[in-house]
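Residue numbering for the sequence shown is 82 to 216, as defined by our numbering. All C-beta atoms, glycine included, are put in the ideal place defined by N, C-alpha and C. Since this is a predicted model, take the numbers as computed values, not measurements. Okay, structure first, notes after.
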Amino acid sequence: MRKLAQISAIAATALFLAGSPSFAAVDTAGALRNLDPDNDGTIDMREAIKGAKRVFKMINPDKDRTVDAAELRGRLSPAGLAAADPDDDGTLTWREYKALVKATFRAANPDEDGTIDLRELQTPYGRQLLRLIYP
């Protein structure tokens, strides 16, 4: 039960992502093409995690193995960081960031088919997922 509550809280964190100016004009179809190496027209969890890993490395220039509020600017609000930070240290490790990505992926996948298509990517949760997995 605790795990379910945690996952729900993390998914709800995505609500704090809306309205980020740096992602206001992202071409979702272009992002889908870039994140979809097998060209099946969808992003599966493996592809989302691969994108997330690229983003995590890109936004962590000090290579300290965590990302903080400054490094997450435009991708996750301070309130979102607090909600996704289970140890309350003000940073996300790769493991914590990946948990957030997985929870956001699930929220963006209401049909639960394990893939995100263009229609799902254009929803609020889909756009929030892009902030976490697309450079």
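Own chain partners of residue i with C-beta closer than 8 Å, once the 5 adjacent residues on each side are dropped
i, result
"Thr174", "Arg146, Thr147"
"Leu199", "Thr109, Ala110, Leu113, Gly122"
"Val107", "Arg208, Leu211, Tyr215"
Contact set for residue i: own chain, Cβ-Cβ below 7 Å, skip 5 residues either direction
i, result
"Ile214", "Leu116, Ala129, Gly132, Ala133, Val136, Val182"
"Glu177", "Ala165, Asp166, Pro167"
"Asn141", "Val148, Glu152"
Which residues DSSP lists as bridging residue i, in chain order
i, result
"Thr196", "Asp125"
Which of helix, strand or coil DSSP assigns to residue i
i, result
"Val107", "coil"
"Pro216", "coil"
"Thr185", "helix"
"Pro205", "helix"
"Asn115", "helix"
Cβ pair residue i, residue j closer than 8 Å
i, j, result
"Leu210", "Ala189", "yes"
"Asp125", "Gly195", "yes"
Same chain, Cβ closer than 6 Å to residue i, neighbours up to 5 away in sequence not counted
i, result
"Thr172", "Thr147, Asp149"
Please specify which runs of the beta strand (DSSP E), each continuous and at least 3 residues long, are wholly inside the region 119 to 178, giving them in chain order.
-> Correct list: 147 to 149, 172 to 174.
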